[in-house]
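**Q** Numbering (our numbering), first residue to last: 81 to 457. The beta-carbon is built from N, C-alpha and C at its ideal position, and this holds for glycine as well. Please read all numbers here as calculations on a predicted model, not as lab measurements.
#1: Are there any heavy atoms of the ligand MG lying less than 8 Å away from the beta-carbon of residue 352, as far as the coordinates show?
#2: Could you spell out the range, first to last residue, of the beta strand (DSSP E) harbouring residue 190?
#3: Can you say whether residue 336 is buried or exposed, counting buried as having 16 or more other CB atoms within 10 angstroms of its CB?
#4: Within a Cβ cutoff of 6 Å, which residues of the same chain sit near residue 248, ignoring the five residues on either side of it in sequence?
#5: Could you give the C-beta distance for residue 361 and residue 397, rounded to a whole number, given that I count them as a contact under 8 Å?
#6: Distance, Cα to Cα, residue 292 vs residue 341?
#7: Measure from the alpha carbon of residue 447 to the alpha carbon of each residue in 365, 410 and 424, then state which is nearest.
#8: First and last residue of the alpha helix (DSSP H) that includes residue 412?
#9: What alpha helix (DSSP H) runs, 4 residues minimum, are completely inside the stretch 247-320?
#10: Using the C-alpha atoms, what's the distance from residue 254 back to residue 236?
#11: Whose C-alpha, out of 222, 357, 424 and 250, is nearest the C-alpha of residue 207?
#12: Should residue 167 and residue 224 be called a contact, given that it needs their Cβ atoms to be closer than 9 Å?
#13: Going by the CB atoms, is the gap between residue 219 and residue 245 shorter than 9 Å?
#14: Do you know whose CA, among 205, 210, 240 and 278, lies nearest residue 216's CA?
#15: According to the neighbour-count rule (16 or more other Cβ atoms, all chains shown, within 10 Å of its Cβ), is residue 271 buried or exposed?
#16: What number of angstroms, rounded off, separates the C-alpha of residue 115 from the C-alpha of residue 427?
#17: Could you pull the start and end residues of the beta strand (DSSP E) that residue 350 belongs to?
#18: Looking only at C-alpha atoms, which of 179, 210, 146 and 195 sits nearest to residue 133?
#19: Would you call the CB atoms of residue 23 and residue 343 closer than 9 Å?
#20: What do you reckon, are the CB atoms on residue 164 and residue 138 nearer than 9 Å?
#21: Name, in chain order, the residues that DSSP records as bridge partners for residue 493.
#22: How far does the alpha helix (DSSP H) with residue 119 in it reach, from first residue to last?
#23: Quick one: what's got a C-beta closer than 8 Å to residue 455's C-beta in the same chain, skipping five residues either side?
#24: Are there 16 or more other CB atoms within 10 angstroms of the CB of residue 148, so buried, or fewer, so exposed?
#25: Leaving out the 5 sequence neighbours to the left and right, which residues in its chain are closer than 6 Å to residue 327 when beta-carbon positions are compared?
#26: Rounded C-beta distance between residue 375 and residue 383? I'm assuming under 8 Å.
#27: What residues in its chain sit with their C-beta under 6 Å from that of residue 325, if we drop five residues either side in the sequence?
#28: Using only CA atoms, which one of 157, 321 and 251 lies nearest to residue 283?
#29: Considering only the beta carbon of each residue, do residue 268 and residue 214 sit closer than 9 Å?
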């Protein structure tokens, strides 16, 4: 047996010593009161609250991550996990703060007295009030502070939007959507964790992560104030646009340019309708008629909310007309293939392999179509 090199002994001996000491020492004992708090939260959270009985919840569980005690009161930080049955492919999550009190002083039982979103975390819809539920063949609509008639109208639009999105996007997707309708713009902003000003004037937005990894179903969140200002046709366009984002989510990545993802969603929403370019692209039309023809397809930064609403409108309208042009010139299937490939490879490669051209060539064709369709009253 050859001798063990000294450098190896120097590395191994401390490790052996730490293992021996750990084995000889008594195992760490959690504070019994903290253990009781955790057990109380576990018992309380075994089933969803009765007030949520109308929501198709499954996999409901609270995992306590920290406990803070002050005498006969305690606060448990926890992660809520749940799925909406038939809609979520993976658990949705929420950071929660559970409040407890102990009956009868030391030795008494801990009892949950309250539950809310943890500081800095986004609330759940039910934190904002009693939830009304409307179920359809393709959509689950959850609302707070809205009438049954209002929620049924949203559900009817969602029922039309899902087949429309599926017709535009033949790729695999669940074919179902969850729509949240909060009581106000401010409450919508709370759900999304963003300033209300970013959503003012919008009809709805979609949450969700891009990519094909397992994730909870996207939520389409309606802005009740912006929704109320839309015509019936406008509501259909807005909801189909958002549902199309849900349908294409797995094919959308950080590589996908926003002019393609937003333009495709609008193309799906307007597809088959009677709206002309001048009717559906008024902001861009005004710019073109003033001699301000865009020099390039809209950059990602042009789709940021909170800035000039006229510039934002031009970006969306230009993106729609670019996708509309691709579908008209090369076919609907080519537009779908471009979308799929642009999420996996560089845009120049995707363009070459689908439309047989490059970005400068597409831009010139798009500019020519803008002059033709928007250049005259």
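**A** Let me lay it out:
#1: Judged by which ligands are present, the structure shown has none, so any question about the ligand MG falls away.
#2: As a position in the chain shown, residue 190 is number 110, starting the count at 1. From DSSP, the beta strand (DSSP E) with residue 190 extends over 190-197.
#3: Reading the chain shown from its first residue, position 256 is the one you call residue 336. That one is buried.
#4: In the chain shown, the residue the question calls residue 248 occupies position 168. Excluding sequence neighbours, residue 248 sits near 348 and 351.
#5: The count along the chain shown starts at 1 and reaches residue 361 at position 281. The count along the chain shown starts at 1 and reaches residue 397 at position 317. Residue 361 to residue 397, Cβ: 4 Å. Contact.
#6: Position 212 of the chain shown, counted from the start, is the residue given in the question as residue 292. Position 261 of the chain shown, counted from the start, is the residue given in the question as residue 341. Legend: pLDDT at residue 292 = 48, less than 50; position of this residue unreliable, no value from coordinates given.
#7: Looking up residue 447 in the chain shown gives position 367. Cα-wise, what sits closest to residue 447 is 365.
#8: In the chain shown, counting from the first residue as 1, residue 412 sits at position 332. 412-422 is the span of the alpha helix (DSSP H), which, as asked, contains residue 412.
#9: 265-272 and 304-308
#10: Taking the chain shown and counting its residues from 1, the one referred to as residue 236 is at position 156. Taking the chain shown and counting its residues from 1, the one referred to as residue 254 is at position 174. Counting only the Cα atoms, residue 254 lies some 18 Å from residue 236.
#11: For this step, residue 207 is matched to residue 127 along the chain shown. Closest by alpha carbon: 222.
#12: Here residue 167 corresponds to residue number 87 of the chain shown, with the count starting at 1. Here residue 224 corresponds to residue number 144 of the chain shown, with the count starting at 1. It is not a contact, given that the beta carbons lie outside the stated cut-off.
#13: What you label residue 245 is simply residue 165 of the chain shown in a count that begins at 1. What you label residue 219 is simply residue 139 of the chain shown in a count that begins at 1. Not a contact, by the Cβ cut-off of 9 Å.
#14: To locate residue 216, count along the chain shown from 1; it is residue 136. Considering only alpha carbons, the answer is 240.
#15: Here the question's residue 271 lines up with position 191 in the chain shown. Per the 10 Å Cβ criterion, buried.
#16: For the purposes of this step, residue 115 is identified with residue 35 of the chain shown, where counting begins at 1. For the purposes of this step, residue 427 is identified with residue 347 of the chain shown, where counting begins at 1. Rounded to whole angstroms, residue 115 to residue 427 spans 55 Å at the Cα level.
#17: Locating residue 350 in the chain shown gives position 270, where the first residue counts as 1. First-last for residue 350: 338-350, but that is the alpha helix (DSSP H), not the beta strand (DSSP E).
#18: What you label residue 133 is simply residue 53 of the chain shown in a count that begins at 1. Selected option, being the one with the closest Cα: 210.
#19: No information on residue 23 is available, as it lies outside the stretch 81 to 457 that the chain covers here.
#20: In the chain shown, residue 164 corresponds to position 84, counting from 1. In the chain shown, residue 138 corresponds to position 58, counting from 1. In contact: residue 164 and residue 138 (Cβ atoms closer than 9 Å).
#21: Missing from the structure shown is residue 493; the chain here goes from 81 to 457 and no further.
#22: Here residue 119 is taken as the residue at index 39 of the chain shown, counted from 1. Residue 119 -> alpha helix (DSSP H) spans 112-124.
#23: On the chain shown, position 375 is the one that residue 455 refers to. Hits under 8 Å: 368 and 369.
#24: One-based indexing of the chain shown puts residue 148 at position 68. Exposed, by the Cβ-count rule.
#25: Numbered from its first residue, the chain shown carries residue 327 at position 247. If we look at residue 327 and ignore the five residues flanking it on each side, its Cβ neighbours are 245, 249 and 253.
#26: Along the chain shown, read from residue 1 onward, the residue named residue 375 stands at position 295. Along the chain shown, read from residue 1 onward, the residue named residue 383 stands at position 303. Actually they do not touch by this definition, with Cβ atoms about 17 Å apart.
#27: Walking along the chain shown from the start, residue 325 turns up at place 245. Counting only Cβ-Cβ distances below 6 Å, and skipping sequence neighbours, we find 286 and 345.
#28: For the purposes of this step, residue 283 is taken as the residue at position 203 of the chain shown. Closest by alpha carbon: 321.
#29: Residue mapping note: residue 268 aligns to position 188 of the chain shown, counting from 1. Residue mapping note: residue 214 aligns to position 134 of the chain shown, counting from 1. Not a contact, by the Cβ cut-off of 9 Å.
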